[in-house]
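A.B. asks: Taking the working numbering, the leading residue of the sequence shown gets 9, the next gets one more, and so forth. C-beta: ideal position from N, C-alpha, C; glycine also. The structure displayed is predicted, hence computed values, not measured ones. Mind having a look at this structure? Questions to follow.
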Amino acid sequence: MTVIQVPTTPFADQRPGTSGLRKKVQVFQQPHYLENFVQSLFDIRPDLAGGTLVLGGDGRYYNREAVQIILRLAAANGVARVLLGAGALLSTPAASHLIRKYRAQGGIVLSASHNPGGPEGDFGIKFNVANGGPAPEAVTEALHARSREIDRYLTLDGPDIDIDHLGTTNLGEMEIQVLDPVRDYADLMETLFDFEAIQQLFHSGLFSMRFDAMHAVTGPYAREILEGRLRAEPGTVINGEPLPDFGGHHPDPNLKHAADLVALTKGPDAVSFAAASDGDGDRNMILGRNCFVTPSDSLAVLAANAHHAPGYAGGVVGVARSMPTSQAVDRVAEQLGVECYETPTGWKFFGNLLDAGRITLCGEESFGTGSNHVREKDGLWAVLFWLNLLAAKRQPVLDLLHDHWRRFGRNYYTRHDYEAIDADAAQGLMEHLRAHLAELPGRTLGGRTLTYADDFAYRDPVDGSESARQGIRLGFEDGARIVYRLSGTGTEGATLRVYLEVYERDPKRLFLDTAEVMAPLVDIARDLAEIEQRTGRAAPDVIT
Ligand code: G1P
Ligand code: ZN
């Protein structure tokens with residue numbers, strides 16, 4: 009097999025966003041498009057030559073083809089060994105674990121997360137570094153810069169390799185180990201949680217569960233762990249077959265896209281516990297009978313009860329949440345007497361805190377929760393953590409949540425998304441808010457007084473790196489907040505996210521309807537930002 013040098017010209021749109029490079033499938037299918045990006049990666053990471061690379065994806069359309077292309081480029085660029093998930097599958101957290109466990113120089117995960125798949129859907133590619141976490145901004149910026157000047161890529165003229173059978177093959181000089189994508193990850197979960205107690209819960213006759221894999225990557229993981237190792241009833245995992253188009257749905261575990269699962273938690277035959285994960289297995293949604301646990305609350309509950317899980321028996325050393333995530337976990341940290349860090353949106357900002365041993369748990373309002381066990385958020389891990397708590401407490405989810413609110417107060421929370429709006433209108437809206445920040449503090453709106461208004465900037469306490477313009481924060485005297493930011497993961501126009509939070513600790517006001525509690529704040533948020541005038545949208549597309 010010979011190495012071929014293929015001349016190419018740069019694409020102008022290869023800047024990675026919040027979570028890797030995400031585009032329509034057709035964009036990735038253009039000649040040289042994927043090759044350019046991957047070669048740019050090899051060019052800026054010379055340590056990959058002679059090193060080990062982890063590779064896999066979420067099973068979406070173009071995953072298998074892309075893996076073959078990447079294998080050829082890797083071989084031509086001198087990678088010594090690739091650890092490939094069989095069937096080209098690897099969940100994002102499983103990839104993170106493999107990188108760490110086998111001391112790889114990095115990993116490539118092919119995924120557009122929760123975005124729809126299929127030939128008309130989205131595709132994506134993410135690079136993770138040696139700690140198992142998403143590439144930090146310095147790396148993604150260098151990658152982007154390189155992609156703008158690339159003029160050749162290296163590949164091999166070799167055949168496609170068998171990516172479905174376990175074992176070792178060679179491509180040129182490079183060794184490819186096709187691994188069971190599930191085993192190492194499932195082994196790790198067994199070290200963190202009390203599998204015996206969870207088994208007993210499943211066999212108590214008082215507990216039923218459904219896990220919705222949404223036809224995405226977690227199907228095989230959930231089957232092996234829940235129905236295999238934990239002996240949950242067969243049928244506990246639904247939509248467990250990964251499909252290239254996710255069965256035509258958004259593999260996004262939220263109230264809108266997992267509505268069928270939500271329905272199973274209501275009515276006389278309601279299950280006790282339900283959960284779902286997304287395309288690449290890093291997100292989670294937690295539901296109980298007649299109960300939805302907001303991701304912000306989930307993080308707070310896990311932090312307050314972590315000691316029930318064997319892997320966290322020593323307690324938590326600190327916690328972190330992304331800026332728009334509700335401040336529920338802040339209250340827990342305060343009571344535990346540990347630090348709570350507020351970081352910009354995106355998992356990569358937790359990496360340094362985890363590596364430095366400053367935090368044990370972290371999470372985002374966008375259905376992401378995780379810990380120091382890997383360097384990505386982890387959907388099934390969160391589900392197992394909840395199962396461990398439910399096994400230890402033998403309480404319905406709703407009771408557990410109510411107890412939590414009685415103890416810490418409740419952070420009512422909601423997020424409004426305006427999707428695919430005009431990009432200029434979105435920028436204009438943010439600029440308008442920025443221009444008025446200075447005059448907002450002290451003003452009273454809808455009976456609430458604003459105490460601060462800023463454009464969130466973050467200085468990483470570990471390496472001192474700075475990230476500015478991370479979203480507009482408006483904070484009120486009573487703990488309520490409005491946050492505005494533009495999505496960094498969308499593939500069409502711009503997406504405006506408005507995050508709203510109200511804090512209540514009055515015992516009589518803990519169990520109200522979220523939409524009612526939020527209504528006054530929703531009006532303020534809409535008027536201040538002139539959402540309708542500027543975007544033409546009278547209502548959000550998605551409310552979570
Ligand atoms: C979204 C979420 C963010 C998450 C990211 C990747 O990013 O809001 O919390 O880290 O997806 O899963 P956004 O589209 O808001 O930039
Ligand atoms: Zn994801």
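1. Rounded to whole angstroms, what is the Cα-Cα separation between residue 159 and residue 124?
2. Just verifying my parser: in three-state terms, what is the DSSP assignment at residue 526?
3. Report the three-state DSSP secondary structure of residue 385 (helix, strand or coil).
4. Is the beta carbon of residue 592 sitting closer than 7 Å to the one on residue 293?
5. Quick one: what does DSSP say residue 70 is sitting in, helix, strand or coil?
6. Kindly list the residues whose CB is nearer than 7 Å to the CB of residue 253, restricted to its own chain and excluding five residues on each side of it in sequence; keep chain order.
7. Alpha carbon to alpha carbon, how far is residue 71 from residue 25? Give it in angstroms, no decimals.
8. At what residues does the alpha helix (DSSP H) containing residue 1 begin and finish?
9. For the stretch 26-76, which segments carrying the alpha helix (DSSP H) assignment without a break, of at least 4 residues, lie completely within its bounds, in sequence order?
10. Roughly how many angstroms lie between the CA atoms of residue 510 and residue 500, to the nearest whole one?
11. Find the nearest neighbour of residue 450 within the set 443, 283, 442, 459, judged by alpha-carbon distance.
12. If we count the other Cβ atoms within 10 Å of its Cβ and call it buried at 16 or more, is residue 519 buried or exposed?
13. Measuring only the C-alpha atoms, how far is residue 143 from residue 326?
14. For residue 478, which three-state DSSP category applies?
15. With respect to the alpha helix (DSSP H) encompassing residue 109, which residues constitute its N-terminal and C-terminal limits?
16. For residue 379 and residue 162, I'd like the C-alpha separation in whole angstroms.
17. At what residue ranges does the stretch 390-431 contain a whole run of the beta strand (DSSP E), taking only runs of 3 or more?
18. Measuring straight from C-alpha to C-alpha, what distance separates residue 514 and residue 314?
19. Going by DSSP in three states, residue 515 sits in which element: helix, strand or coil?
20. Quick one: grab the DSSP three-state call for residue 15.
21. Taking the alpha carbon of residue 412 as the reference point, which residue from 309, 176, 278, 536 has its own alpha carbon closest?
22. Could you tell me whether the stretch 536-547 touches the stretch 316-334, where touching means 3 or more Cβ pairs closer than 8 Å?
23. My output table needs one value for residue 303: the three-state DSSP class, helix, strand or coil.
24. Can you give me the Cβ contacts of residue 110 inside the same chain, cut-off strictly under 8 Å, excluding the 5 residues immediately before and after it?
25. Let me make sure I understand the geometry here. Which of 34, 165, 104, 206 has the alpha-carbon closest to that of residue 132?
26. Might you give, ordered along the chain, the residues of its own chain that have their beta carbon closer than 8 Å to the beta carbon of residue 102, omitting 5 neighbours on each side?
27. Sort out for me which residues DSSP pairs residue 492 with in a bridge.
28. If you draw a straight line from the C-alpha of residue 195 to the C-alpha of residue 204, how long is it?
29. Terminal residues of the continuous alpha helix (DSSP H) containing residue 314?
30. Give me the residue from 418, 167, 531, 397 with the minimum Cα distance to residue 455.
31. Nearest-angstrom Cα distance between residue 29 and residue 23?
32. Across the stretch 331-349 and the stretch 367-374, are there enough close Cβ pairs to call them in contact, namely three or more that are closer than 8 Å?
33. Tell me the rounded alpha-carbon separation between residue 58 and residue 86.
34. Mind checking who residue 380 pairs with in its DSSP beta bridge?
35. Residues bridged to residue 1 by DSSP?
36. Which of the three DSSP states is assigned to residue 158 in this structure?
C.D. replies: Working from what's here:
1. In the sequence shown, residue 159 corresponds to position 151, counting from 1. In the sequence shown, residue 124 corresponds to position 116, counting from 1. For residue 159 and residue 124, the distance between alpha carbons rounds to 32 Å.
2. In the sequence shown, counting from the first residue as 1, residue 526 sits at position 518. In the structure shown, residue 526 sits in a helix (DSSP, three-state: H, G or I).
3. Here residue 385 refers to the residue found at position 377 of the sequence shown. The answer is coil: DSSP assigns residue 385 none of H, G, I, E or B.
4. There is simply no residue 592 to check, as the chain begins at 9 and stops at 552 in what is shown.
5. The residue labelled residue 70 in the question sits at position 62 within the sequence shown. Three-state DSSP puts residue 70 in coil, outside helix and strand.
6. As a position in the sequence shown, residue 253 is number 245, starting the count at 1. If we look at residue 253 and ignore the five residues flanking it on each side, its Cβ neighbours are 69, 125, 126, 129.
7. For the purposes of this step, residue 25 is taken as residue 17 along the sequence shown, with counting starting at 1. For the purposes of this step, residue 71 is taken as residue 63 along the sequence shown, with counting starting at 1. Spanning the two alpha carbons is a distance of roughly 19 Å.
8. This structure leaves residue 1 out entirely; the chain is present only between 9 and 552.
9. You should have 33-37, 41-52.
10. As a position in the sequence shown, residue 510 is number 502, starting the count at 1. As a position in the sequence shown, residue 500 is number 492, starting the count at 1. Taking the straight line from one Cα to the other gives about 31 Å.
11. In the sequence shown, the residue the question calls residue 450 occupies position 442. Of 443, 283, 442, 459, the residue nearest in Cα terms is 459.
12. Taking the first residue of the sequence shown as position 1, residue 519 is located at position 511. It counts as exposed.
13. If you number the sequence shown from 1, residue 143 lands on position 135. If you number the sequence shown from 1, residue 326 lands on position 318. If I take the Cα positions, the gap works out to 23 Å.
14. As a position in the sequence shown, residue 478 is number 470, starting the count at 1. It is coil, neither helix nor strand.
15. Mapped onto the sequence shown, residue 109 falls at position 101. 100-109 is the extent of the alpha helix (DSSP H) around residue 109.
16. On the sequence shown, residue 379 is found 371 positions in, with the first residue counted as 1. On the sequence shown, residue 162 is found 154 positions in, with the first residue counted as 1. Residue 379 and residue 162 have their alpha carbons spaced roughly 38 Å apart.
17. Fully enclosed beta strand (DSSP E) runs of 3 or longer: 418-429.
18. Taking the sequence shown and counting its residues from 1, one reaches residue 514 at position 506. Taking the sequence shown and counting its residues from 1, one reaches residue 314 at position 306. Their Cα atoms are separated by approximately 26 Å.
19. Within the sequence shown, the letter at position 507 stands for residue 515. It is helical.
20. Here residue 15 is taken as the residue at index 7 of the sequence shown, counted from 1. Judged by DSSP in its simplified three-state form, residue 15 adopts strand.
21. Position 404 of the sequence shown holds residue 412. Here the closest residue by C-alpha is 309.
22. Below 8 Å, too few C-beta pairs join the stretch 536-547 and the stretch 316-334 to call them touching: fewer than three.
23. Stepping through the sequence shown from its first residue, residue 303 is reached at position 295. The answer is helix: DSSP assigns residue 303 an H, G or I state.
24. Translated into positions along the sequence shown, residue 110 becomes position 102. Cβ contact annotation for residue 110 (same chain, cutoff 8 Å, sequence separation greater than five): 60, 62, 91, in chain order.
25. Taking the sequence shown and counting its residues from 1, one reaches residue 132 at position 124. Ranking 34, 165, 104, 206 by Cα distance to residue 132 puts 34 first.
26. Reading the sequence shown from its first residue, position 94 is the one you call residue 102. Cβ neighbours of residue 102 beyond the five flanking positions: 64, 93, 189, 190, 192, 193, 229, 289.
27. Along the sequence shown, one-based indexing puts residue 492 at 484. 480, 506.
28. Start at 1 with the first residue of the sequence shown, and residue 195 comes out as number 187. Start at 1 with the first residue of the sequence shown, and residue 204 comes out as number 196. Approximately 14 Å between the Cα atoms of the pair.
29. In the sequence shown, the residue the question calls residue 314 occupies position 306. No alpha helix (DSSP H) contains residue 314, which DSSP labels as neither H nor E.
30. Within the sequence shown, residue 455 is the residue found at index 447, counting from 1. Ranking 418, 167, 531, 397 by Cα distance to residue 455 puts 531 first.
31. Mapped onto the sequence shown, residue 29 falls at position 21. Mapped onto the sequence shown, residue 23 falls at position 15. For residue 29 and residue 23, the distance between alpha carbons rounds to 7 Å.
32. Because the criterion of three Cβ pairs below 8 Å is met, the stretch 331-349 and the stretch 367-374 touch.
33. Taking the first residue of the sequence shown as 1, we reach residue 58 at position 50. Taking the first residue of the sequence shown as 1, we reach residue 86 at position 78. For residue 58 and residue 86, the distance between alpha carbons rounds to 6 Å.
34. As a working mapping, residue 380 is identified with position 372 in the sequence shown. Under DSSP, residue 380 forms no beta bridge with any residue.
35. The chain is shown from 9 up to 552; residue 1 falls before or after that span and cannot be answered.
36. The count along the sequence shown starts at 1 and reaches residue 158 at position 150. In the structure shown, residue 158 sits in coil (DSSP, three-state: anything other than H, G, I, E or B).
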